[in-house]
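Trainee:
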Amino acid sequence: MTELVTRVEIPKPSFGIDYQSSILLMGSCFTEHIGKRMHRLKFNTLYNPFGVVYNPVSLTNQISMLIHKDSFTADDLHYFNELWFSFSHYTLFSDPDQNICLAKINEQFLTGKNFLLSSDVIIFTLGTSYAYKLHESGEVVANCHKMPADRFERFFSSSENSCSHLSDAIRKIRNTNPEVKFIFTVSPIRHWKDGAIDNMRSKAALIMAIAELQARFTGVYYFPVYEIFMDEMRDYRFYADDMLHPSSLATEMIWERFVQSFLTPDAINTSREIQSLLKSLDHRPMQTSSTGYKRFIRDLKYKLHTLENKYSFLNFQEERSLIDKIV
64 MTELVTRVEI
74 PKPSFGIDYQ
84 SSILLMGSCF
94 TEHIGKRMHR
104 LKFNTLYNPF
114 GVVYNPVSLT
124 NQISMLIHKD
134 SFTADDLHYF
144 NELWFSFSHY
154 TLFSDPDQNI
164 CLAKINEQFL
174 TGKNFLLSSD
184 VIIFTLGTSY
194 AYKLHESGEV
204 VANCHKMPAD
214 RFERFFSSSE
224 NSCSHLSDAI
234 RKIRNTNPEV
244 KFIFTVSPIR
254 HWKDGAIDNM
264 RSKAALIMAI
274 AELQARFTGV
284 YYFPVYEIFM
294 DEMRDYRFYA
304 DDMLHPSSLA
314 TEMIWERFVQ
324 SFLTPDAINT
334 SREIQSLLKS
344 LDHRPMQTSS
354 TGYKRFIRDL
364 KYKLHTLENK
374 YSFLNFQEER
384 SLIDKIV
């Protein structure tokens with residue numbers, strides 16, 4: 064039978080992610096999808112301690128801050144449109160209260176600083192080669208925070224420039240964490256405001272930069288999210304309503320490819336047992352007085368009890384609290 068898809072082959076890495084691994088994820092919106100999923104499945108993860116970041120220059124700057132900076136202070140903040148914010152952070156950290164903004168930033172920053180030093184795997188998802196530089200300081204910003212466009216210079220980071228910045232990040236991390244493995248991906252989300260041609264050039268420069276990183280360093284891997292989405296999913300059913308972002312089906316299929324590529328067999332089995340529990344919690348019956356509902360609760364408690372005994376090193380407190388609330 065003819066297979067109606069052009070399959071993207073993924074080389075098997077020399078290591079596997081398991082439930083003892085510490086995994087740091089940083090980068091674009093796709094990082095959020097994978098990071099949230101891994102976190103919910105009880106992997107030891109931290110994702111985007113600065114919030115979403117799209118370009119490799121800002122990502123490298125964030126890594127440098129995690130290594131060299133002690134904390135953020137009021138001097139690092141700016142005020143615009145009745146909000147305090149940091150040019151190094153995503154908008155979710157912004158707040159009308161300067162102290163609250165700073166507290167949110169430093170809570171995640173200190174967590175990220177400690178996590179970086181103990182990470183076994185770091186996953187970087189790059190979104191675009193385009194970045195913005197603040198005219199008054201020359202600072203490359205992670206987010207423009209809806210300030211006027213004339214405050215910034217938009218520039219293209221070539222594959223050579225991006226590779227240089229990311230190489231610097233890898234060296235700095237390995238100075239304190241020499242055994243860490245890196246997985247790079249390029250986000251499948253198209254930056255359509257750049258236009259079709261410039262978006263493709265942007266993605267191509269990122270892919271070339273990663274290829275050069277693999278030539279320079281050991282322990283650097285590439286997970287071809289962009290290629291899977293472009294070549295295996297040539298149908299708009301794999302897109303969300305905006306015709307740019309992956310649909311939930313596409314995200315699920317890409318996640319399965321990641322699982323098969325990078326998770327150990329034991330981790331796959333464990334994650335699927337946990338996923339079974341989570342699905343039950345997400346799709347519980349509505350008729351709480353029925354016999355079927357009582358059987359559902361009994362089965363749910365048994366499933367949770369089994370997992371707690373089998374995987375005593377994992378924390379199921381959140382799931383136990385949910386079950387207690389619906390009983």
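Numbering (my numbering), first residue to last: 64 to 390.
Even for Gly, the Cβ is constructed at its ideal location relative to N, Cα and C.
Leaving out five residues before and five after V120 in sequence, what residues of the same chain have Cβ atoms less than 6 Å from its Cβ?
Mentor: The count along the sequence shown starts at 1 and reaches residue 120 at position 57. Cβ within range, chain order: A194, V203, S220 and H228.
Trainee: Quick check for students: name the residue ranges of the alpha helix (DSSP H) that lie wholly in the segment 347–381, counting only runs of 4 or more.
Mentor: 354–373
Trainee: With DSSP as the reference, label A50 as helix, strand or coil.
Mentor: There is simply no residue 50 to check, as the chain begins at 64 and stops at 390 in what is shown.
Trainee: What's the C-alpha gap between L312 and E371?
Mentor: If you number the sequence shown from 1, residue 312 lands on position 249. If you number the sequence shown from 1, residue 371 lands on position 308. Approximately 30 Å between the Cα atoms of the pair.
Trainee: Kindly give me the distance between the Cβ atoms of H208 and T154, rounded to whole angstroms, as I take these residues to be in contact under 8 Å.
Mentor: Start at 1 with the first residue of the sequence shown, and residue 208 comes out as number 145. Start at 1 with the first residue of the sequence shown, and residue 154 comes out as number 91. H208 to T154, Cβ: 6 Å. Contact.
Trainee: Give the DSSP-derived three-state secondary structure of M89 in the structure shown.
Mentor: Within the sequence shown, numbered from 1, the residue matching residue 89 stands at position 26. Correct three-state label for M89: strand.
Trainee: So, for N107: in the same chain, excluding its five sequence neighbours on each side, which residues have a beta-carbon less than 6 Å away from its beta-carbon?
Mentor: Residue mapping note: residue 107 aligns to position 44 of the sequence shown, counting from 1. Counting only Cβ-Cβ distances below 6 Å, and skipping sequence neighbours, we find S85.
Trainee: Please report the distance separating the alpha-carbon of R361 from that of I331.
Mentor: Position 298 of the sequence shown, counted from the start, is the residue given in the question as residue 361. Position 268 of the sequence shown, counted from the start, is the residue given in the question as residue 331. Roughly 26 Å separates the two Cα atoms.
Trainee: By Cβ distance below 6 Å, which residues in the same chain neighbour I130 in space, the five residues on each side in sequence not counted?
Mentor: Counting from 1 along the sequence shown, the entry for residue 130 is found at position 67. So the list reads K235, once near-sequence residues are dropped.
Trainee: So which of H96, C92, R237 and T69 has the shortest CA-CA distance to F321?
Mentor: Indexing the sequence shown from 1 puts residue 321 at position 258. The residue with the shortest Cα to Cα distance from F321 is H96.
Trainee: State the Cα-Cα distance for the pair S127 and I186, rounded to the nearest angstrom.
Mentor: Taking the sequence shown and counting its residues from 1, the one referred to as residue 127 is at position 64. Taking the sequence shown and counting its residues from 1, the one referred to as residue 186 is at position 123. The straight-line gap from Cα to Cα measures roughly 16 Å.
Trainee: So the candidates are K132, Q161 and L109; which of them puts its Cα closest to the Cα of F143?
Mentor: Start at 1 with the first residue of the sequence shown, and residue 143 comes out as number 80. It is Q161.
Trainee: Is any heavy atom of the ligand HEM found at a distance shorter than 7 Å from the C-beta of E382?
Mentor: This structure does not include the ligand HEM; it has no bound ligands of any sort.
Trainee: Bridge partners for K132 per DSSP, in chain order?
Mentor: Position 69 of the sequence shown, counting from 1, holds the residue named residue 132. Answer is none; K132 lacks a bridge partner.
Trainee: Do I291 and I317 count as a contact pair if the criterion is CB distance below 8 Å?
Mentor: Taking the sequence shown and counting its residues from 1, the one referred to as residue 317 is at position 254. Taking the sequence shown and counting its residues from 1, the one referred to as residue 291 is at position 228. Cβ distance < 8 Å, so I317 and I291 count as in contact.
Trainee: Rounded to the nearest angstrom, what separates I386 and S192 at their Cα positions?
Mentor: Counting from one through the sequence shown, the residue named residue 386 turns up at place 323. Counting from one through the sequence shown, the residue named residue 192 turns up at place 129. Rounded to whole angstroms, I386 to S192 spans 45 Å at the Cα level.
Trainee: Expressed to the nearest angstrom, what Euclidean distance is found between the alpha-carbon atoms of L88 and H368?
Mentor: Residue 88 sits at position 25 when you count from the first residue of the sequence shown. Residue 368 sits at position 305 when you count from the first residue of the sequence shown. L88 and H368: Cα-Cα distance of roughly 30 Å.
Trainee: By Cβ distance, which residues of its chain are closer than 7 Å to L340, with the 5 residues on each side in sequence left out?
Mentor: Here residue 340 refers to the residue found at position 277 of the sequence shown. Within the same chain, L340 has close Cβ partners K366, L367, L370 and E382.
Trainee: Would you call the segment 273–280 and the segment 108–116 in contact, with 3 or more CB pairs under 8 Å?
Mentor: no
Trainee: As a quick exercise: from S343, F245, S310 and G258, pick the residue whose alpha carbon is nearest that of R279.
Mentor: Here the question's residue 279 lines up with position 216 in the sequence shown. Measuring from the Cα of R279, the nearest candidate turns out to be F245.
Trainee: If you draw a straight line from the C-alpha of E315 to the C-alpha of V283, how long is it?
Mentor: For this step, residue 315 is matched to residue 252 along the sequence shown. For this step, residue 283 is matched to residue 220 along the sequence shown. So the two alpha carbons sit approximately 24 Å from each other.
Trainee: To the nearest angstrom, how far is the alpha carbon of N238 from that of S151?
Mentor: Taking the first residue of the sequence shown as 1, we reach residue 238 at position 175. Taking the first residue of the sequence shown as 1, we reach residue 151 at position 88. Rounded to whole angstroms, N238 to S151 spans 23 Å at the Cα level.
Trainee: What did DSSP end up calling T69 once you bin it into helix, strand or coil?
Mentor: Counted from its first residue, the sequence shown places residue 69 at position 6. Reduced to three states, the DSSP call for T69 is coil.
Trainee: In chain order, what residues of the same chain have a beta carbon less than 6 Å from the beta carbon of R225, not counting five sequence neighbours either side?
Mentor: The sequence position of residue 225 within the sequence shown is 162, counting from 1. Position check: residue 225 holds Ser in this sequence, whereas Arg was assumed. Excluding the 5 residues flanking it on each side, S225 has same chain C-beta neighbours closer than 6 Å at P119 and A272, in chain order.
Trainee: Find out if the Cβ-Cβ distance for the pair N14, S134 is shorter than 8 Å.
Mentor: Beyond the ends of the chain as shown, which are 64 and 390, falls residue 14; an answer cannot be given.
Trainee: Among Y356, L109 and V71, which residue has its Cα nearest to the Cα of G175?
Mentor: Locating residue 175 in the sequence shown gives position 112, counting from the first residue. When the alpha-carbon of G175 is set against those of Y356, L109 and V71, the nearest one is in L109.
Trainee: As a quick exercise: from L189, D257, P74 and V184, pick the residue whose alpha carbon is nearest that of N240.
Mentor: Position 177 of the sequence shown, counted from the start, is the residue given in the question as residue 240. Looking at the Cα atoms, V184 is the closest of the given residues.
Trainee: Hey, F247 and L189 are a contact pair by Cβ (cut 8 Å); roughly how many whole angstroms apart?
Mentor: Within the sequence shown, residue 247 is the residue found at index 184, counting from 1. Within the sequence shown, residue 189 is the residue found at index 126, counting from 1. Distance from F247 to L189 at the Cβ level is roughly 7 Å; contact confirmed, criterion being Cβ atoms closer than 8 Å.
Trainee: Select from K388, N378 and I389 the residue whose C-alpha is nearest the C-alpha of L104.
Mentor: Locating residue 104 in the sequence shown gives position 41, where the first residue counts as 1. Of the candidates K388, N378 and I389, the one whose C-alpha sits nearest the C-alpha of L104 is N378.
Trainee: According to DSSP, simplified to helix, strand and coil, what is I252?
Mentor: As a working mapping, residue 252 is identified with position 189 in the sequence shown. I252 falls in the coil class under three-state DSSP.
Trainee: Can you check which of these residues, L122, L165 and N111, is closest to F178 by C-alpha distance?
Mentor: Locating residue 178 in the sequence shown gives position 115, counting from the first residue. Answer by Cα proximity: N111.
Trainee: Excluding five sequence neighbours on each side, which residues of the same chain lie with their C-beta closer than 7 Å to the C-beta of R217?
Mentor: Taking the first residue of the sequence shown as position 1, residue 217 is located at position 154. Around R217: Y193 and Y195.
Trainee: Buried or exposed for P251, please, with buried defined as at least 16 other CB atoms from any protein chain shown within 10 angstroms of its CB.
Mentor: Within the sequence shown, numbered from 1, the residue matching residue 251 stands at position 188. By the neighbour-count rule (16 or more Cβ atoms within 10 Å), P251 is buried.
Trainee: Give, in chain order, every unbroken run of the beta strand (DSSP E) that is at least 3 residues long and sits entirely within the segment 282–336.
Mentor: 283–285
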